[in-house]
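Engineer: First the structure, which I've put down as structure tokens, then a few questions once you've had a look.
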Amino acid sequence: MVPRSRFLSVVGGISVAYVFLHLLPELGHFQQELEGELGSSAWRFIESHIYIMAMMGLAIFYGLEVMVKKSKKKQGKKTQAPAGVFWVHIGTFILYNSLIGYLLVHDQFANRWGMFFYFVAMGLHFITIDKSLRSTHKKDYDKYGRWLLTTAIIIGWLVGILTEVGELVVSLLVALLAGGVILNVMKEELPEERESSFLSFAIGMMTYSILWLLI
């Protein structure tokens, strides 16, 4: 088995705690707020099924992981995914990071501490993503990927400052983010070939949960 850094397991626990203590409850809040507001709109089904979007977010990233693994198998002994797969994979994470930066402005935080804990949870989550993408794409990620993902966060934040969108759009974005975070954390913690630390994962999750509940 490949040993996994205890720090990364702590980070995984923190990310999971944030999803279940903030993002998912917020989806419930959005669903209540949207009830009866969409009328005959094509998005009316979201009033009672907003969690479908979270499921879609999870499915999108799961599909990406399957695509990357299959492409690497076809490459035989090569450990780096093909260039085309790299750009599809990185392109999706560019949108993912942009979304996180955007929600830093538009997410509904109870107070400044809520925003701070969002910043901490997502900042640490980026470490997990960076580790995963680097191991998958090697030189391509170091040359292009990490800079594009960093820029994406800033662009998302700037778009959030310069634009104002409706609650429906924000709710859909939060739902997609929740599904993506869950999948990206679990795929790093659960594989049989990776020797993760459950104790470190639990410590990260419990510590963050306690701090979140105290704010």
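Taking this note's numbering, the leading residue of the sequence shown gets 51, the next gets one more, and so forth. Positions of the beta carbon are idealized from the N, C-alpha and C atoms, including for glycine. In this text the structure is predicted, and so the values were computed from the model without any measurement.
(1) Exposed or buried, F80, counting other C-beta atoms within 10 Å across all chains shown (16 or more means buried)?
(2) Can the beta-carbon of H254 be found less than 8 Å from the beta-carbon of V61?
(3) Taking Cβ to Cβ, would you say E76 is nearer than 8 Å to V224?
(4) Taking only three categories from DSSP, how would you classify V52?
(5) Are the CB atoms of L227 and I140 within a distance shorter than 8 Å?
(6) Is S65 closer than 8 Å to A171 when the C-beta atoms are compared?
(7) Assuming I102 is part of the alpha helix (DSSP H), what are its boundary residues?
(8) State yes or no: is the C-beta of M105 within less than 8 Å of the C-beta of G229?
(9) Near V135, which residues of its chain fall below 7 Å by C-beta distance, leaving aside the five closest residues on each side in sequence?
(10) Return the CA-CA distance between E217 and K124, expressed in angstroms with no decimal places.
(11) Return helix, strand or coil for G216, following the three-state DSSP convention.
(12) Classify S148 as helix, strand or coil using the three-state DSSP reduction.
(13) Comparing C-alpha positions only, which one of G206, L174, L145, S182 sits nearest to I110?
(14) Decide yes or no for the touch test of the stretch 149-156 against the stretch 204-212: beta carbon pairs closer than 8 Å, at least 3 of them.
(15) Should M256 go down as buried or exposed, given a rule of 16 or more other Cβ atoms within 10 Å for buried?
(16) Under three-state DSSP, which class holds I265?
(17) Does DSSP put P75 in a helix, in a strand, or in coil?
(18) Using only CA atoms, which one of R56, N147, I260, H72 lies nearest to M165?
(19) Going straight from the alpha carbon of S247 to that of H187, what length do you get?
(20) May I ask which residues mark the beginning and end of the alpha helix (DSSP H) holding Y191?
(21) So which of Y194, F176, G173 has the shortest CA-CA distance to V138?
Structural biologist: Quick answer:
(1) buried
(2) Position check: residue 254 holds Gly in this sequence, whereas His was assumed. Going by C-beta atoms, G254 is nearer than 8 Å to V61.
(3) At the C-beta level, E76 and V224 come within 8 Å of one another.
(4) Low local confidence applies: a pLDDT of 47 at V52 is under 50, so the model's placement there is unreliable, with the coordinate-based value given in what follows. Of the three classes helix, strand and coil, the one that applies to V52 here is strand, per DSSP.
(5) no
(6) yes
(7) 101-124
(8) Closer than 8 Å, so yes.
(9) M117, V118, S121
(10) Roughly 44 Å between the two C-alpha positions.
(11) coil
(12) helix
(13) L145
(14) yes
(15) exposed
(16) coil
(17) If DSSP states are grouped into helix, strand and coil, P75 belongs with the helices.
(18) H72
(19) Linking S247 to H187 through their CA atoms gives a straight-line distance of about 25 Å.
(20) Premise fails: Y191 is in no alpha helix (DSSP H) and is neither H nor E.
(21) With distances taken between Cα atoms, V138 lies closest to Y194.
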